[in-house]
Structure formats: structure tokens, C-alpha cells
Amino acid sequence: MSREVNFGKLLHGGDYNPEQWLHDPDILEKDIEYLKKAKINEVSLGVFSWSMLEPEEGVFRFQWMEDIINRLYENGISVILATPSGARPKWMADQYPEVLRVDSAGNRAFFGGRHNHCYTSPLYREKVRIMNKKLAENFGNHPGVIVWHISNEYSGECYCPLCQEEFRSWLKDRYGSIEKLNFAWATTFWSHTYNSFDQIEAPSPRGEEGIHGLNVDWRRFVTDRTRDFIIHEIRAIREGGSDKPATINMMYDFKGLNYHKFADIIDIVSWDNYPHWHKKEEYLTAMDGGMQHDIMRSIQKKPFLLMESCPSAPNWQAVSKLRKPGIVHAASMQAIAHGADSVLYFQLRQSRGSSEKFHGAVIDHYGGDDTRVFREVTEIGESLEKLRDVAGAGVRAETAVIFDWENRWALEDAMGPRNEGMFYKEAVEKSYYAFRKLGLNVDMIDMEQELEDYKVVAAPMLYMFRAGFWEKVQRFVEKGGRFILTYWSGIVDETDLCFLGGTPYGLMDVMGLRSTEIDGLYEGESNVGIPVQGNSMHMTSSYTCKNLCDLVRPSAAEVILTYGEDFYAGMPALTKNSFGKGYAYYVCADFEQGFYDEIYRKIAAEAGIKRIIRHIPKGVEVSTRQTDKAEYVFVQNFNREPVEIQLPTDEYHVWTGSYDGTIGGFGTVVLKK
Ligand code: GLA
Ligand code: ZN
Numbered sequence: 001m002s003r004e005v006n007f008g009k010l011l012h013g014g015d016y017n018p019e020q021w022l023h024d025p026d027i028l029e030k031d032i033e034y035l036k037k038a039k040i041n042e043v044s045l046g047v048f049s050w051s052m053l054e055p056e057e058g059v060f061r062f063q064w065m066e067d068i069i070n071r072l073y074e075n076g077i078s079v080i081l082a083t084p085s086g087a088r089p090k091w092m093a094d095q096y097p098e099v100l101r102v103d104s105a106g107n108r109a110f111f112g113g114r115h116n117h118c119y120t121s122p123l124y125r126e127k128v129r130i131m132n133k134k135l136a137e138n139f140g141n142h143p144g145v146i147v148w149h150i151s152n153e154y155s156g157e158c159y160c161p162l163c164q165e166e167f168r169s170w171l172k173d174r175y176g177s178i179e180k181l182n183f184a185w186a187t188t189f190w191s192h193t194y195n196s197f198d199q200i201e202a203p204s205p206r207g208e209e210g211i212h213g214l215n216v217d218w219r220r221f222v223t224d225r226t227r228d229f230i231i232h233e234i235r236a237i238r239e240g241g242s243d244k245p246a247t248i249n250m251m252y253d254f255k256g257l258n259y260h261k262f263a264d265i266i267d268i269v270s271w272d273n274y275p276h277w278h279k280k281e282e283y284l285t286a287m288d289g290g291m292q293h294d295i296m297r298s299i300q301k302k303p304f305l306l307m308e309s310c311p312s313a314p315n316w317q318a319v320s321k322l323r324k325p326g327i328v329h330a331a332s333m334q335a336i337a338h339g340a341d342s343v344l345y346f347q348l349r350q351s352r353g354s355s356e357k358f359h360g361a362v363i364d365h366y367g368g369d370d371t372r373v374f375r376e377v378t379e380i381g382e383s384l385e386k387l388r389d390v391a392g393a394g395v396r397a398e399t400a401v402i403f404d405w406e407n408r409w410a411l412e413d414a415m416g417p418r419n420e421g422m423f424y425k426e427a428v429e430k431s432y433y434a435f436r437k438l439g440l441n442v443d444m445i446d447m448e449q450e451l452e453d454y455k456v457v458a459a460p461m462l463y464m465f466r467a468g469f470w471e472k473v474q475r476f477v478e479k480g481g482r483f484i485l486t487y488w489s490g491i492v493d494e495t496d497l498c499f500l501g502g503t504p505y506g507l508m509d510v511m512g513l514r515s516t517e518i519d520g521l522y523e524g525e526s527n528v529g530i531p532v533q534g535n536s537m538h539m540t541s542s543y544t545c546k547n548l549c550d551l552v553r554p555s556a557a558e559v560i561l562t563y564g565e566d567f568y569a570g571m572p573a574l575t576k577n578s579f580g581k582g583y584a585y586y587v588c589a590d591f592e593q594g595f596y597d598e599i600y601r602k603i604a605a606e607a608g609i610k611r612i613i614r615h616i617p618k619g620v621e622v623s624t625r626q627t628d629k630a631e632y633v634f635v636q637n638f639n640r641e642p643v644e645i646q647l648p649t650d651e652y653h654v655w656t657g658s659y660d661g662t663i664g665g666f667g668t669v670v671l672k673k
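Per this note's numbering, residue 1 is the first one in the sequence shown, and the count goes up by one each step.
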């Protein structure tokens, strides 16, 4: 079970690879001086250090690491210590090829790159166990070591015979009998029936890709295998006698692993954020990053760590765009606003060779502290010191949006009603943005989490209903909750079999309607939603919709908007149904953002949700964090120019940042009560 983690301060630091500089102790000494100057209080060590820690099989060299940890500690800098399993030494790959991954076409990878290991290989697991245990024995109780960073950015899958065998036994556990599996996967289709579990192979472009139940189960299995590997890594650390909290660093919008499945095996979530700044209006990039922060925070519903971010330009994006002055500070404050207890970078000192030599860093090849980036990092350090009391504060949300990994896997595999551009993430974003524009905190939860804590819950494009979701919704609305569901929801069960007897499955009563057909629109086609005169939501504007139009037949729901065009003109485009003490809204089509903005504003008001700032100018973000004693309101201007804004200074005082009726471009003001 995950535990509470509070450092009593906000961490400021990042990835550091001193092993690249051991030949030059002066650099290492200088670095410590610089780090202190930039108010850095944390360093992440050991990510990818295996060949330095065990240069030959069974030969361990930990002295260099010990020296560095000690030097940092003497200087008041803590260490987040990584296990090195993210990349392995050449000797291991040569001696034991089974540690290398096999791809879905059956080819075993050569040595190279990183994150290229089989997570089933008993040999790899044993090597990792030995290494982690030794690291824990050596450093796990060092007062300077505060967190375990398990591996790095888990990702990918292995199709080797060992993994295939594991998959079969995973399926056996799940289904019990091959008949049950055949039924759940609808394998009579194209005559793909299995006679026994031994016959099953993972999905492959050389073989089976059309059984949707197989595809979704394979993805679940990959998540479970990764989970099992993480448990194995952490167990070795505990075996080595260290009880320090453990994290894994997750990635932006990563589809490959259902991150929610790691909630109970790590102590604190962390993630790596690399926005494409200045490609579109900054506030849009900020909104996108904000949603990821909220996804990460909602996994455990508690503070998380920003494990990596770039103080300048990362070098792997198509274009390495320099960050304009102030934006890194704003992005760092945004992480804190959304629930992070750290701002950490990749990386502290820029590497000299190989593929990341041009990646932005706090200290660049020039090697001095008189750089623009260094100055800005120092300012961030100063701000984090001022905001120290925020550490450990929670983020309370009265609204939630469902964003479910398994639903996404299935939805994108569905074949119909649009095979190019289902726009699931975009649909989720529209709901999220609409809440955020009201200055409301939003939890981004999955179908397994509870709904009771919220007043309004939105579920865009929930194609797959699993984990008894409809029953939860029914209870939620009955008790007075407000629930928004959209087109293309409740269509399939958890093995991707279509529900019979009408959709949205299990919620036709709650929604007061049944979906009868769905129209996929060609690029360039659109329809329009027109308000019904005298509708109870007082809607008077029309809105454009694209991509998908659901044709529903109401049984009890009130029709608020109707389609204006095509053969379904006059049919419902938005409905509202009263059910128990609550209300259920059905959005029939993929409407423009303005539609969501209007209805969410009205629904939040109906639900009695309090908004701290009523008039929020475009490009301004409002987020809050709370402890038992205090409330912090972060008001961030993601516009390049200053904005005028009325802050509630009667109720709160301006704690940090400058405010004189306006907030400067990329400026942050934090109010406190
Ligand atoms: C990832 C990795 C780091 C580094 C950065 C570069 O987040 O975890 O090791 O490669 O990307 O942006
Ligand atoms: Zn494998």
C-alpha cells in the first residue's frame, strides 16, 4: 500500500550523471557550488548507471557513488536514488541474450538503446534483485537518500517465448476454461477458435490482430507484467533493508501502460513533462500539461513529483525551441499548483557526448552560472523556497472527468464509426478545459475509482463499460450527482463484446434515452445543434458539431438542442434527464469547445459549486491546494502580455508574486487564506 510522503519542503533538482565526469573532480566540486547557488536541494542519481556499478559480472564498484552521495549530503542536497534497470551493461546482453526483448514479429533485439529488457526473464530479474539489494544495503539508510526511483520510464513489451508462456497462464487465471475465453473473445468469427490455452499467441502483425478481446487482454497483461516487475524491484530494495518511499517516473499521455494499476504498489507518483512550448498559444500548451498533472495526481489522489522537465529546450522534439523568458518558471509553478511537491529537471549538467548532448540542462557545456537558463532556474529555486509550506497540501476537486486507459485501448481498436480520428483525448480535453476555464480543480479518474466525492462527473466517449461502472453512475445520480455522458458510450463490455438490448448499457433509465444509430461524418462535414425554445437550461445559442452524431430516442429526457441538418434534423443533440435527486445530460455529438463551456458553466452553477474567481480572462489558470490550516490559490497568466484580473483580496492575501490589479506575462500570483 502506498504511504504518505511529505518532505517538509518542495524539492528542486533533477537528473545528474556524475559518472560522466569522474575523470574531472573539479567539475564535480564546481557543480555542487552551482547547485547550491541555484537553490537546488535534490539530485536524482544512478539512472542508467549499471555499467559503472557492476562493470563486470559480479564485480561491484559503489565507492564513486558513495563519495558523491556524501558530498551532496554535506552540502544539504538530498538524493533520489535510481535502480539502474532501465538499461543494462553489454556483458549481460552478450552472456545472457534472454534479457533482450523480442518484438511482435519474433525478432530478438541486439544490445543497445535502453528500456530494452524482457521483464519475464528469470535471469534479468535475478540480476536486478542482486543489484537493487546491494544498492539498498549500501545507501538505503543513508540520511541523504530520500526516495527510490525505480528504473526509468517503464514502457514497451516483450514477445519472447517466456513472455508468451506467462501470457497463457495469465489468461488461464483470468478465464479458467478455454470455452470461456473463446466466448469472451468471440473467436468463432473467421474460424479463430482455440482448442487449448497452449495455442494462444500474443497479437502480431504476422498473425492475429483482429480479435479485439485478445488485443485488449494483451495490453492488460503488459501492464500486469510491468506491475509484477516493479513489485520485484521494490521487494529487492526492502530485502536490502531500506524502507524509503518508492516512485516510478511516468510519461506524458503514454498509452502503453494503465498507470492506475501502479497506484497501490508505489508510494508516490512521479512523471516527466516535456511540453512543446511556443508551438501554439502558450495557455493551450499549459492546459494540456495541466491535464496531465491532474491525471497523475488523480492516480493516488495525493501530491506527486515532477521528476523531469527541461530548463531549456529538449533535443528530441522535431524542433528544439528555446523557452522564452518566464515560461519555465510558469510551467514549474503550474506543476506545484496542480499538486506536485517538486520541480526537477533533466538534467543538471549537460552531457558531452551521445544522443542527448544538445538536451537543455541547468549547467551547459560552457560550464558557468552566468547564463539565462541558470538565472531562471535560480529564480524557480527562490520561488519554491517561498512556497515551502505548500508541500504535502492536497488538491480538493468537486468535479471529475473519466479518462480510462482500457476504454482508450478498446475505442481506438474498434473499427468504426470512424477509423481515422475518433478524437478520444480531444473529447476528454473539451470537458476538462470547460471545467478549468471556470477555475475549478478537476480530478481525472478512471472507471474503477469512486464518484461519491464529486458534484459533477463527465464521462466523454466511454465506449467500454467495465468494473460495474453503470451501477456506480446510477447510485451517483440517484443521490443527487450531475453526470454528463457523450455519444459512443456504453457500447461494449470489458472483453470488447457489444452489449445487447440497447445502449448506453445499464444507463438508459438514468439518461432517459436510447442510442439508436451513430453517423460518422467525413472531413469537412458538420451539423449544428439548435436550442429548443423554452428549454430548461436556458440555452439560446447554436453550436457546430463534427465527426460523430449519435441519433437517440428519448424515453424521458428533455430535449435541449436538436440537430439542424441532414435527415436527422430535429432529432435530439443534447438532452437532460432528472433521475432520483440528480440529473443526467447526454451530449449526442462532437461539439465545439464553446458548447462545453456553456453547459459546464450552467451545470456547475446548478450543482452549487463555488468559484473563487468569477471573471477569469482568457489564458489565466486558477488552481487551489489545501491543508487543514490553509488554502492556496494559484493564479497564473499564461499570456505573453499582462492581464487585468480582479482577485479576491478581501478573503485571501497575496502571498507570493506581484499583483497590482494586473498579473504580468507568464506571471504567477499565489493567494493564501
Ligand atoms: C526522458 C528520460 C530521460 C531523458 C529525457 C530527455 O524523460 O527519462 O532519461 O532521456 O527523456 O528529455
Ligand atoms: Zn520476454
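Just so it is clear, CB atoms sit at the ideal spot from N, CA and C, and this is done for glycine as well.
Runs of the alpha helix (DSSP H) spanning 4 or more residues and lying entirely within the segment 235-317 occur at 282-300, in chain order.
Distances between the C-beta of residue 226 and the heavy atoms of the ligand ZN are all 6 Å or more. Taken in chain order, the whole beta strand (DSSP E) runs of length 3 or more contained in the segment 575-629 are 582-587, 589-591, 620-626. Our two residues, residue 304 and residue 109, have alpha carbons roughly 34 Å apart in a direct line. The beta carbon of residue 137 sits closer than 7 Å to the beta carbons of 240, 241 from its chain, once the five residues preceding and following it are set aside; these are given in chain order. The DSSP-derived three-state label of residue 539 is coil. The beta carbon of residue 230 sits closer than 8 Å to the beta carbons of 150, 151, 154, 248, 262, 265, 266 from its chain, once the five residues preceding and following it are set aside; these are given in chain order.
Residues 75 of the same chain have their beta carbon placed closer than 7 Å to that of residue 36, with the five preceding and five following residues left out of the count. Runs of the beta strand (DSSP E) lying entirely within the segment 471-549, each at least 3 residues long, are 482-486, 513-520, 527-531 in chain order. Under DSSP, residue 563 takes part in a beta bridge, and its partners are 529. Sequence-distant Cβ neighbours of residue 564 in its own chain, meaning closer than 6 Å and more than five residues away, are 528, 530. When secondary structure is reduced to three states using DSSP, residue 662 falls in the strand class. The beta carbons of residue 269 and residue 312 sit no closer together than 7 Å. When the beta-carbon positions are compared, residue 550 and residue 526 stay at least 7 Å from each other.
Counting every other CB atom within 10 Å of its CB across the protein chains shown gives residue 561 a total of 16 or more, marking it as buried. Pairing residue 439 with residue 622 gives a Cβ-Cβ distance under 7 Å. DSSP, reduced to helix, strand and coil, places residue 155 outside both helices and strands of the structure shown, so it counts as coil. By alpha-carbon distance to residue 457, the top candidate from 98, 420, 124, 397 is 397.
Looking at the DSSP output, residue 634 sits in a beta bridge with 623, 670.
Checking the 6 Å criterion, the Cβ of residue 162 is within range of a heavy atom belonging to the ligand ZN. By the C-beta density criterion, residue 504 is buried, having at least 16 other C-beta atoms within 10 angstroms. Separation of residue 39 and residue 12 (C-alpha to C-alpha, rounded to the nearest whole angstrom) is 7 Å. For the segment 339-388, the full-length beta strand (DSSP E) segments reaching 3 residues or more read 342-345 along the chain. Taking each of 579, 70, 385 in turn and checking the Cα distance to residue 9, the smallest one comes out for 385.
Residue side-chain check: residue 153 places its Cβ nearer than 6 Å to a non-hydrogen atom of the ligand GLA.
When rounded, the separation of the alpha-carbon atoms in residue 257 and residue 447 is 16 Å.
Put simply, of 486, 293, 634, 21 the residue whose alpha carbon is nearest the alpha carbon of residue 387 is 634. By the Cβ-count criterion, residue 671 is buried, with 16 or more other Cβ atoms from all chains shown falling within 10 Å of its own Cβ. Secondary structure at residue 206: coil, using DSSP grouped into helix, strand and coil.
If you look at residue 12, you'll find it in the beta strand (DSSP E) that goes 11-15. Beta-carbon to beta-carbon, residue 434 and residue 600 are separated by about 4 Å, close enough to satisfy the 8 Å threshold. Listed in chain order, the alpha helix (DSSP H) elements of length 4 or more contained wholly in the segment 47-98 are 50-53, 63-74, 90-95.
Below 8 Å, too few C-beta pairs join the segment 357-365 and the segment 395-409 to call them touching: fewer than three. Checking the DSSP bridge columns, you'll see residue 23 has no partner listed. For residue 44, the enclosing beta strand (DSSP E) starts and ends at 42-45. DSSP, reduced to helix, strand and coil, places residue 171 within a helical segment of the structure shown.
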